[in-house]
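Just below is one structure, and these are the notes that go with it.
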Amino acid sequence: MQNSKDPLHGKKLIDILEELIDFYQGFEGLANQIQIRCFTHDPSINSSLKFLRKTPWARQKVESLYLYVLRQKAKLNKG
33 MQNSKDPLHG KKLIDILEEL IDFYQGFEGL ANQIQIRCFT HDPSINSSLK FLRKTPWARQ
93 KVESLYLYVL RQKAKLNKG
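For what it's worth, our numbering labels the leading residue of the sequence shown as 33, then goes sequentially.
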């Protein structure tokens, strides 16, 4: 079996979302990074997941931010 170099490979959307919420210390911090309604108006994990699953452009933004956060964490660990 081949290991994927894609950091998103095998990652569940809920895990990505929870990690971003943790990194940005809540939905408010995450909403400062990505201005989408599911993060700014009465946010919850379930409503955000529902929106992201049916809205490809929003999911793409979340995945891009997640990749950025992974790079930032890697830099912090090196330094």
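For glycine and all other residues, C-beta sits at the position ideal for the given N, C-alpha and C.
Query	Result
Rounded separation between Lys37 and Leu102 - CA only	13 angstroms
Distance between Ile66 and Asn78 (C-alpha atoms, nearest Å)	17 angstroms
Cβ-Cβ distance between Leu45 and Leu81 below 9 angstroms	yes
Pair within 9 angstroms by beta-carbon distance, Leu40 and Leu99	yes
Distance between Arg85 and Thr72 (C-alpha atoms, nearest Å)	17 angstroms
Gly61 (DSSP reduced to helix, strand or coil)	helix
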